[in-house]
Amino acid sequence: MRHLHKVFYWSPVVIYASLIFYLSSLSHPEVYVPSFVLDLGDKGLHAIEYGLLGILTYRAFRYAGSIWTASYAVLLAIVASSAYGLTDEIHQAFVPLREADVWDFLTDALGSSLATWGWARFVDSPQ
Numbered sequence: 005m006r007h008l009h010k011v012f013y014w015s016p017v018v019i020y021a022s023l024i025f026y027l028s029s030l031s032h033p034e035v036y037v038p039s040f041v042l043d044l045g046d047k048g049l050h051a052i053e054y055g056l057l058g059i060l061t062y063r064a065f066r067y068a069g070s071i072w073t074a075s076y077a078v079l080l081a082i083v084a085s086s087a088y089g090l091t092d093e094i095h096q097a098f099v100p101l102r103e104a105d106v107w108d109f110l111t112d113a114l115g116s117s118l119a120t121w122g123w124a125r126f127v128d129s130p131q
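In the working numbering, the protein residues as written are 5 to 131.
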């Protein structure tokens, strides 16, 4: 039963990270994204994209990990999702017509940090 519990929380992280990887591997991802999403702008999209990854990762560490990972779930989620943002930018450097951008990475990390902290503080708070 514990195994299903882990699958329940980690599957969304893996699926969503795979979607990010897929879209990052496209030379023109805007063709596959609805226009209202593009209206957010490049940095807004990065912040929301990695904010959601941070929240999903936080939930996995918090509820499907050990007591230790649950205690440090916010920090672990921010580090993991920000690191994924870094690897995503490196990946984009090798995709035709795409480039790595340090500002995109910083926006990924900021979006992940704010969303993860906000979720833990205001939505998932035990109070």
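We treat Cβ as the ideally placed atom computed from N, Cα and C, and that holds for glycine.
- The distance from the Cβ of His50 to that of Asp128 is about 23 Å, inconsistent with a contact at the 8 Å cut-off.
- Counting other Cβ atoms within 10 Å of its Cβ, Ser85 reaches 16 or more and is therefore classed as buried.
- Under the criterion of beta carbons closer than 8 Å, Leu57 and Tyr20 qualify as touching, at roughly 6 Å.
- Ranking Phe98, Trp107, Gly89 by CA distance to the CA of Ser116 puts Gly89 first.
- Boundaries of the alpha helix (DSSP H) harbouring Val17: 6-28, taken from the DSSP string.
- Taking every protein chain shown into account, the CB of Trp123 has 16 or more other CB atoms within 10 angstroms, so this residue is buried.
- The alpha-carbon separation between Leu23 and Gly69 amounts to approximately 23 Å.
- The C-beta separation of Leu118 from Gly55 comes to about 7 Å, placing the pair in contact by the 8 Å criterion.
- In the three-state reduction of the DSSP assignment, Gly69 falls in the coil class.
- Per DSSP, reduced to three states, the secondary structure at Ser31 is coil, with no helix or strand assignment.
- Note on Ile94: under 16 other CB atoms within 10 angstroms of its CB, so exposed under the neighbour-count rule.
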